[in-house]
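**Student:** Dumping the structure here so I can ask a few things about it.
In the numbering used here, the protein residues as written are 101 to 366.
The structure is reproduced here in structure tokens:
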């Protein structure tokens with residue numbers, strides 16, 4: 101029913117309650133955006149790169165229905181704990197499997213942020229557990245030069261195959277050259293040991309990798325950000341992808357992609 105009404109298209113739709121306990125307990129219930137990934141599923145509207153990386157696509161997850169408790173222990177430490185429908189099920193679910201997820205945030209100073217994330221539970225294909233580290237550091241105040249990184253680990257126990265493991269690592273270097281112009285460089289790497297994460301995965305069949313027994317994915321992307329207006333952003337971009345899967349990109353092992361994104365924030 102949710103998909104038929106268009107509710108699945110919403111990124112966030114939840115009820116939020118603040119309970120006056122200690123520094124304040126935050127409770128959210130509804131369709132919640134993912135705790136995983138440095139990049140946002142909202143694309144260039146909020147990301148410094150227009151396209152999302154392979155790391156976001158193959159070692160992340162979309163929004164899902166769930167309940168989350170959040171608490172800030174201090175200005176430096178906070179914790180979010182969540183139970184949701186599943187890792188990949190979205191708003192509507194057709195099984196009883198659930199995923200538990202926790203994110204511990206640490207801000208040692210005003211220029212540094214680190215999140216430690218762990219998750220685990222059951223999907224129809226089996227048990228899945230994993231972890232992630234997200235970290236960022238402002239290197240210089242001039243030009244707002246910032247370095248960020250993400251590491252993801254996934255382990256899936258499927259029947260009757262058994263263990264399926266995959267992991268990814270990514271890095272971002274961004275800078276504001278002036279009030280209206282910025283640049284962003286992203287590099288990410290996905291190691292899919294058994295083909296579970298990348299084989300036949302994707303919303304558009306023509307762009308999916310074929311079923312495979314494993315591959316390595318490397319991607320490097322450079323994006324310029326030009327703000328014509330505080331709400332209007334242009335993002336010309338060039339991207340290089342390479343795979344170890346023979347002929348993985350429509351018969352080739354590598355490809356160059358050029359394009360431009362336009363976004364407007366209301």
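Every residue, glycine too, gets a C-beta built ideally from N, C-alpha and C.
(1) Taking 8 angstroms as the threshold, find out whether the region 283-295 comes into contact with the region 317-328 through three or more Cβ pairs.
(2) Of the choices 352, 152, 170, 332, whose alpha-carbon is the least far from that of residue 162?
(3) Comparing alpha-carbon positions, which option in 247, 256, 270 lies nearest residue 283?
(4) Express the C-alpha separation of residue 264 and residue 203 in angstroms, rounding to a whole number.
(5) State the DSSP-derived secondary structure class of residue 288, mapped to helix, strand or coil.
(6) Tell me which residue opens and which closes the alpha helix (DSSP H) that residue 158 is part of.
(7) Ordered along the chain, which non-local residues of its own chain (more than five positions away) have a Cβ less than 8 angstroms from that of residue 335?
(8) Alpha carbon to alpha carbon, what distance is there between residue 232 and residue 242?
(9) From residue 123 to residue 174, what does the alpha carbon distance come to, in whole angstroms?
(10) Based on DSSP bridge pairs, tell me the residues matched to residue 126.
**Tutor:** So, from the data block:
(1) yes
(2) 152
(3) 247
(4) 24 angstroms
(5) strand
(6) 154-158
(7) 144, 149, 150, 323, 324, 325, 326, 360, 361, 362, 363
(8) 30 angstroms
(9) 8 angstroms
(10) 118, 170
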